[in-house]
Amino acid sequence: MTAWSLLCAVFQAAGFACVTVAALLELQALLGRRPLGLEGPPLHWTRAGFLLLGLALAAGGAGSWRLRGGFWPLQPGQRWGLLSWLVVFAVLHVHRVKAFKGRPATLAGVAGWALAAGAWFAWR
Amino acid sequence: MQAPNPFHEHMPRQAAAMAGWVLFWMALEQVLSGLGLEGRRQLALFLAGLAGIGAAGFLAAPAWLFNLLTSVRFALTQGAFLIAAVLLAGPDGPRGLWFCALLALLAASMLAVTWKRRPYDLARAGFLLVHTAPTLVLLGALWNRFAGAGAPGRWLIGTGCAGFLIGCAWMFYLKPLLKRRGARP
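Each protein sequence line maps, in turn, to chains H and Z.
Each residue of the first sequence is one higher than the last, beginning at 138 in our numbering.
Each residue of the second sequence is one higher than the last, beginning at 2 in our numbering.
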């Protein structure tokens, strides 16, 4: 394992941890214990996850470059990183659509987390 | 007067059009491979086709195209397609022309959104960086495919990654922090 791939794994773990906290807060909202929508703490955690997963992609790309001289084909871990980053990208943009604020954005956050978690188990 | 449910707001119609876009490039890739055109030649024809489609769209319906490319709903449709592509395509899927066509559309959307946010000032620096830096990454990847892995491609990709991450940090954390302290960012 190179230093870059280790860094990639650390950023991925930290990013997904942030997204997991956001998903738990959104789950609480769906159960009626918090206001619906991504505003406030869920948005902060989702943004932190987006930034960390972006760092993981950059570190993973640098590692691939070092080893093979190119970014493609992606390793399974990097493919998962790209997927989870795209999921968070989608969740952050759902939040920007007025008609999707509230329950749809909350559902999208939880569904996105479930998709990323499911892909992690499937690809491991 | 605008139609009650214009195309740039209608996600199912956008998804159907995106499916057509992907299928078109998949079919073209098959045809070009059948003709013995591979690698750089295929990519050069892809870029020429993309430039032609872009120019035709810009000349025929600039307002329609601009509204579509800057629509958040269209960004969501593109995100859904990219997620499906990463889920369903094999490890070599991203090398296909259809995947490059999805990325080209995403880059065009991000550049259009950047153009829409004029006039530019420091308060929008994060947003602008986040929406222009990925294009640098894609340009770097394109350079690598044309000229082989080398310093220019690495520089473009590295600058794009750094710009994107700095833009995110500015938009999500530094700008709100400065705002809270009463300074105009």
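Quick reminder that beta carbons are idealized off the backbone N, C-alpha and C, glycines included.
Closest Cα partner of residue i within the set the options
{"i": "residue 133(Z)", "options": "144(Z), 145(Z), 163(Z) and 58(Z)", "result": "163(Z)"}
{"i": "residue 102(Z)", "options": "33(Z), 48(Z) and 85(Z)", "result": "48(Z)"}
{"i": "residue 171(Z)", "options": "161(Z), 182(Z) and 127(Z)", "result": "127(Z)"}
{"i": "residue 191(H)", "options": "165(Z), 176(Z), 177(Z) and 181(Z)", "result": "165(Z)"}
{"i": "residue 162(H)", "options": "178(H), 151(H) and 150(H)", "result": "178(H)"}
{"i": "residue 144(Z)", "options": "16(Z), 30(Z), 173(Z) and 45(Z)", "result": "45(Z)"}
{"i": "residue 197(H)", "options": "260(H), 261(H), 142(H) and 253(H)", "result": "142(H)"}
{"i": "residue 11(Z)", "options": "125(Z), 177(Z) and 75(Z)", "result": "75(Z)"}
{"i": "residue 253(H)", "options": "147(H), 145(H) and 186(H)", "result": "186(H)"}
{"i": "residue 225(H)", "options": "64(Z), 168(Z), 60(Z) and 80(Z)", "result": "80(Z)"}
{"i": "residue 22(Z)", "options": "151(Z), 55(Z), 156(Z) and 5(Z)", "result": "55(Z)"}
{"i": "residue 146(H)", "options": "175(H), 199(H) and 248(H)", "result": "199(H)"}
{"i": "residue 161(Z)", "options": "90(Z), 173(Z) and 136(Z)", "result": "136(Z)"}
Cα-Cα separation, residue i to residue j
{"i": "residue 24(Z)", "j": "residue 99(Z)", "result": "7 Å"}
{"i": "residue 153(Z)", "j": "residue 207(H)", "result": "13 Å"}
{"i": "residue 242(H)", "j": "residue 218(H)", "result": "22 Å"}
{"i": "residue 27(Z)", "j": "residue 181(Z)", "result": "50 Å"}
{"i": "residue 70(Z)", "j": "residue 115(Z)", "result": "11 Å"}
{"i": "residue 236(H)", "j": "residue 181(H)", "result": "21 Å"}
{"i": "residue 220(H)", "j": "residue 16(Z)", "result": "19 Å"}
{"i": "residue 141(Z)", "j": "residue 203(H)", "result": "16 Å"}
{"i": "residue 35(Z)", "j": "residue 29(Z)", "result": "10 Å"}
{"i": "residue 120(Z)", "j": "residue 139(H)", "result": "44 Å"}
{"i": "residue 261(H)", "j": "residue 216(H)", "result": "11 Å"}
{"i": "residue 167(Z)", "j": "residue 151(Z)", "result": "24 Å"}
{"i": "residue 57(Z)", "j": "residue 171(H)", "result": "49 Å"}
{"i": "residue 150(H)", "j": "residue 38(Z)", "result": "42 Å"}
{"i": "residue 183(Z)", "j": "residue 125(Z)", "result": "17 Å"}
Cβ distance (whole Å) where residue i is taken to contact residue j below 8 Å
{"i": "residue 156(H)", "j": "residue 250(H)", "result": "6 Å"}
{"i": "residue 158(Z)", "j": "residue 138(Z)", "result": "5 Å"}
{"i": "residue 183(H)", "j": "residue 246(H)", "result": "7 Å"}
{"i": "residue 73(Z)", "j": "residue 233(H)", "result": "5 Å"}
{"i": "residue 169(Z)", "j": "residue 188(H)", "result": "5 Å"}
{"i": "residue 105(Z)", "j": "residue 51(Z)", "result": "6 Å"}
{"i": "residue 77(Z)", "j": "residue 231(H)", "result": "6 Å"}
{"i": "residue 169(H)", "j": "residue 238(H)", "result": "Wrong, their Cβ atoms sit about 17 Å apart, outside the cutoff."}
Contacts that residue i makes with chain H (C-beta to C-beta distance below 8 Å)
{"i": "residue 191(Z)", "result": "In the structure as shown, chain Z begins at 2 and stops at 186. Residue 191(Z) is therefore absent and cannot be evaluated."}
{"i": "residue 64(Z)", "result": "The premise fails here: residue 64(Z) is roughly 21 Å from chain H at the closest Cβ pair, so nothing lies under 8 Å."}
{"i": "residue 6(Z)", "result": "Chain H residues near residue 6(Z): none, gap ~12 Å exceeds 8 Å."}
Partner residues on chain Z for residue i, Cβ-Cβ distance less than 9 Å
{"i": "residue 202(H)", "result": "150, 155 and 158"}
{"i": "residue 234(H)", "result": "73, 74 and 77"}
Cross-chain neighbours of residue i in chain Z, by beta carbon under 7 Å
{"i": "residue 223(H)", "result": "80, 83, 84 and 87"}
{"i": "residue 219(H)", "result": "87"}
{"i": "residue 247(H)", "result": "Going along chain Z, no residue has its Cβ under 7 Å from residue 247(H), so there is no contact; the nearest lies around 15 Å."}
{"i": "residue 231(H)", "result": "77"}
The ligand ZN heavy atom lying under 7 Å from the CB of residue i
{"i": "residue 120(Z)", "result": "The ligand ZN is not part of the structure shown, which contains no ligands of any sort."}
Under 7 Å by beta carbon: chain H residues contacting residue i
{"i": "residue 173(Z)", "result": "184 and 188"}
{"i": "residue 145(Z)", "result": "207"}
Residues that residue i contacts on chain Z, provided the C-beta gap is smaller than 8 Å
{"i": "residue 226(H)", "result": "80"}
{"i": "residue 192(H)", "result": "166"}
{"i": "residue 256(H)", "result": "88"}
Residue i: first and last residue of the uninterrupted alpha helix (DSSP H) it sits in
{"i": "residue 111(Z)", "result": "98-117"}
{"i": "residue 145(Z)", "result": "126-148"}
{"i": "residue 95(Z)", "result": "Per DSSP, residue 95(Z) belongs to no alpha helix (DSSP H) and is neither H nor E."}
{"i": "residue 161(H)", "result": "140-167"}
{"i": "residue 34(Z)", "result": "12-35"}
{"i": "residue 180(Z)", "result": "176-181"}
{"i": "residue 50(Z)", "result": "40-61"}
{"i": "residue 78(Z)", "result": "73-89"}
{"i": "residue 237(H)", "result": "Element bounds for residue 237(H): n/a, residue is neither H nor E."}
{"i": "residue 184(H)", "result": "178-205"}
Within chain H, partners of residue i - CB distance below 9 Å
{"i": "residue 170(Z)", "result": "188"}
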